[in-house]
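Here is the structure we will look at, set down as C-alpha cells.
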Amino acid sequence: MTSFLRLLAYRNRWIYDSVTAVSSLAVGGVQRLRGLGLEALKERLEPGAAVLDLCCGSGEAAAPWIDAGYAITGLDLSPRALDLAVQRYPLMQRVEGLAEDPPFADQSFAAIQLSVALHEFPRTEREQVLKGTLRLLKPGGWLVLIDLHMANPLMRFPQRLFCALFETETATAMLEDNLPAQLSALGFTDVEQQLLAGKALQRIIARRP
Ligand SMILES: C[S@@+](CC[C@H](N)C(=O)[O-])C[C@H]1O[C@@H](n2cnc3c(N)ncnc32)[C@H](O)[C@@H]1O
10 MTSFLRLLAY RNRWIYDSVT AVSSLAVGGV QRLRGLGLEA LKERLEPGAA VLDLCCGSGE
70 AAAPWIDAGY AITGLDLSPR ALDLAVQRYP LMQRVEGLAE DPPFADQSFA AIQLSVALHE
130 FPRTEREQVL KGTLRLLKPG GWLVLIDLHM ANPLMRFPQR LFCALFETET ATAMLEDNLP
190 AQLSALGFTD VEQQLLAGKA LQRIIARRP
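Take 10 as the starting number for the sequence shown in the working numbering and just add one per residue.
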C-alpha cells in the first residue's frame, strides 16, 4: 500500500526535498548524501569514465559525477523526473526505461550507481535489477549502492515511522535482507559494506569480476 504522504511528496517537489533534507542530516546533509556514490568510487575509476545512474530520478545524485567530469547516463521510468534532471544537468544523457530491463548493450559502463532506489523493488525484481547491472558493467567495473539498512535500536522507531509514511512495503522488506551476501551470490566480488547514520543507511561497493 502506498501512503498518502508518499504520493503527496512525489507530486510536490518541496515536500520531497524537505523530507530528503531532514532525513539526510544523519549523514551530514543533502550534499553528502548525494555525493556518497562518487566518494566511494572516484579513486577506482578512470577520469571521464562512462557511469550509469540507475533510477536517477531528477538527477541530484548524478550531479556530483557530472561536476567531476564523468560521462553520466541517467535512467528512470519517470519522464517528468527525467525532464527535470536534464533541465538542471544538461550534460546528463537521459534514458527513459525500466531498471529491470535496461536498454543498453552488455559491458557499457565502468560504474553503476543505485542511489536510494533499490528499496522500491520487490525481492525478485531487485535480484533482476542487480543481475542486470552485472551484465552492463565492463569486467572490473564497479557497482555502488546506497540504500536503507536496518537501523540500530535507537534509530529503529524513527526509521519504521519514516518507512510507513514515505515508503512502500518493499522498503520495509529490504531491511530484513543481507544485500552484500546477495551481491556475492550473484557473482560480484570485492563486496564492501559501510553502515552510516546509526546503521540506517548502507553504502555497498561491489565489483564485476
Ligand atoms: C527515491 S527515488 C531516488 C532518485 C535518485 N536516485 C536519488 O538518489 O535522488 C527512486 C527513483 O526510482 C525510480 N524508479 C522506481 N522504479 C523504477 C523502475 N522499475 N525502473 C526505473 N526507475 C524506477 C523512480 O521513478 C524514482 O525516480
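We put the beta carbon where it would ideally sit given N, CA and C, even for glycine. Bear in mind that the values here come from a model prediction, so they are computed numbers and not experimental data.
Endpoints, the alpha helix (DSSP H) within which residue i is located
| i | result |
| --- | --- |
| T179 | E178 to M183 |
| Q137 | R132 to L145 |
| A190 | L188 to L195 |
| V95 | P88 to R97 |
As assigned by DSSP and simplified to three states, the class of residue i
| i | result |
| --- | --- |
| G83 | strand |
| R41 | helix |
| D76 | helix |
| D110 | coil |
| R212 | strand |
| Q203 | strand |
| A173 | helix |
| Q116 | coil |
| L54 | coil |
| P218 | coil |
| S67 | coil |
Limits of the unbroken beta strand (DSSP E) element including residue i
| i | result |
| --- | --- |
| R2 | Here the chain comprises residues numbered 10 to 218, so residue 2 is not present and cannot be evaluated. |
| V36 | Unbroken run through V36: none, as it is neither H nor E. |
| V60 | A59 to L63 |
Outcome for residue i when other beta-carbon atoms lying within 10 angstroms are tallied against a minimum of 16
| i | result |
| --- | --- |
| R217 | buried |
| W151 | buried |
| S124 | buried |
| R135 | buried |
| G44 | buried |
| S33 | buried |
| D76 | exposed |
| P73 | buried |
Inter-residue Cα distance where the pair is residue i and residue j
| i | j | result |
| --- | --- | --- |
| S117 | L163 | 42 angstroms |
| E69 | F130 | 20 angstroms |
| T133 | V60 | 25 angstroms |
| A90 | L145 | 23 angstroms |
| L93 | L84 | 13 angstroms |
| P99 | D186 | 37 angstroms |
| G141 | D110 | 7 angstroms |
| S87 | I24 | 18 angstroms |
| R212 | L205 | 8 angstroms |
| L139 | L192 | 8 angstroms |
| L220 | G106 | Summary: the structure shown does not reach residue 220, with the chain confined to residues 10 through 218, and so no result is reported for it. |
| L50 | N161 | 26 angstroms |
| C64 | A126 | 6 angstroms |
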